[in-house]
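One structure is given below, encoded as structure tokens.
Numbering (the numbering used here), first residue to last: 122 to 421.
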């Protein structure tokens, strides 16, 4: 169903729905780090074993991301978002039943697989609802859910662990994700690919014969896609910068809550909040502002 049959405000409802899905995407993955001290106490895991649990997600996520993007270019994005949300939410619930190291490593790897489809699908879908006049705002507002989800996922997960047992937090996050998936199934509509740009270009009296017809777009093979991406030297440089930034951020987000508990005697809830809020609060506020400024500057 194209977005042309929907009210103009619907494109912002799409962003709102995806904001909450992305919130739980990041809350689910961050909650495990907030309860590392409890896992160490209950299962006598050492730091290497905890690191294996933490990194299992990232290895699968990183390996699958390029292929997930290719798949998102060829299949309905709504179905990939919906299926991914249901899958990773079910895995999050299963995390609460783990009792051995290989259980934790397996569910973390499966969660990485389930979540790898979300970002390429959601970015593409959002861009087809928002043209260049509102796209930066839409994408930056959506991006803020990454930081809010990380902060609250750690805080809420730690709170559950401190007062109700660490397993309850995973049951909560996973169940909430499944409910949100039902909302998505009912209200999210798949737009035509390139629809927002086609309409925007038409407003500027540009030639839209190619972009307005999704069937006319050339479908590249996986190999052709990789060659097209790496044809520009900018892409490897951006990847290198992103790797550097995330390498540092991931270390902090993984180990800061445990460090605060072990070295400074923080309560688990305080450590879960402090271990993330000072890293991500500024980003949660500044990214939407940057998106607003970008949209204001585009016409100039």
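For every residue, glycine included, the Cβ atom is placed at its ideal position computed from N, Cα and C.
- Query: Do residue 231 and residue 212 have their C-beta atoms closer together than 7 Å?
  - Reply: By one-based count along the chain shown, residue 231 stands at place 110. By one-based count along the chain shown, residue 212 stands at place 91. Closer than 7 Å, so yes.
- Message: To the nearest angstrom, how far is the alpha carbon of residue 291 from that of residue 149?
- Response: Here residue 291 refers to the residue found at position 170 when the chain shown is read from its first residue. Here residue 149 refers to the residue found at position 28 when the chain shown is read from its first residue. In a straight line, the C-alpha of residue 291 is about 7 Å away from that of residue 149.
- If you follow the alpha helix (DSSP H) that residue 199 is part of, which residue opens it and which one closes it? One-based indexing of the chain shown puts residue 199 at position 78. It spans 198-216 - the alpha helix (DSSP H) in which residue 199 sits, taken as one unbroken run.
- Can you give me the start and stop residues for the alpha helix (DSSP H) that residue 132 sits inside? Counting from 1 along the chain shown, the entry for residue 132 is found at position 11. 131-155 is the span of the alpha helix (DSSP H), which, as asked, contains residue 132.
- Item | residue 165, DSSP secondary structure in three states | The residue you call residue 165 lines up with position 44 of the chain shown. Coil, per DSSP.
- Where does residue 432 fall in DSSP's three states? Nothing in the structure corresponds to residue 432, since the chain is present only between 122 and 421.
- Please determine, among 223, 153, 405, 145, the residue with the shortest C-alpha to C-alpha distance to residue 205. In the chain shown, counting from the first residue as 1, residue 205 sits at position 84. When only C-alpha atoms are compared, the closest one is 145.
- Task: Leaving out five residues on either side along the sequence, give the residues of the same chain with a beta carbon under 7 Å from the beta carbon of residue 256.
- Result: The residue given as residue 256 occupies position 135 in the chain shown. Cβ within range, chain order: 248.
- Nearest-angstrom Cα distance between residue 289 and residue 361? Against the chain shown, residue 289 aligns to sequence position 168. Against the chain shown, residue 361 aligns to sequence position 240. Whole-angstrom Cα-Cα distance: 38 Å.
- Item | Alpha-carbon to alpha-carbon, residue 209 and residue 308 | For the purposes of this step, residue 308 is taken as residue 187 along the chain shown, with counting starting at 1. For the purposes of this step, residue 209 is taken as residue 88 along the chain shown, with counting starting at 1. Roughly 20 Å separates the two Cα atoms.
- Measure the C-alpha to C-alpha separation of residue 348 and residue 283 and round it to an integer number of angstroms. Numbered from its first residue, the chain shown carries residue 348 at position 227. Numbered from its first residue, the chain shown carries residue 283 at position 162. If I take the Cα positions, the gap works out to 50 Å.
- Item | Nearest residue (CA-CA) to residue 413, options 259, 233, 241 | In the chain shown, counting from the first residue as 1, residue 413 sits at position 292. Among 259, 233, 241, the Cα nearest to that of residue 413 belongs to 259.
- Backbone secondary structure at residue 252 - three-state DSSP: Against the chain shown, residue 252 aligns to sequence position 131. The answer is coil: DSSP assigns residue 252 none of H, G, I, E or B.
- Item | Outcome for residue 327 when other beta-carbon atoms lying within 10 angstroms are tallied against a minimum of 16 | Taking the first residue of the chain shown as 1, we reach residue 327 at position 206. At residue 327, the pLDDT of 48 sits below 50, so the modelled position is not reliable; the number obtained from the coordinates is stated separately. Exposed.
- Item | Limits of the unbroken alpha helix (DSSP H) element including residue 402 | Along the chain shown, read from residue 1 onward, the residue named residue 402 stands at position 281. Residue 402 -> alpha helix (DSSP H) spans 389-418.
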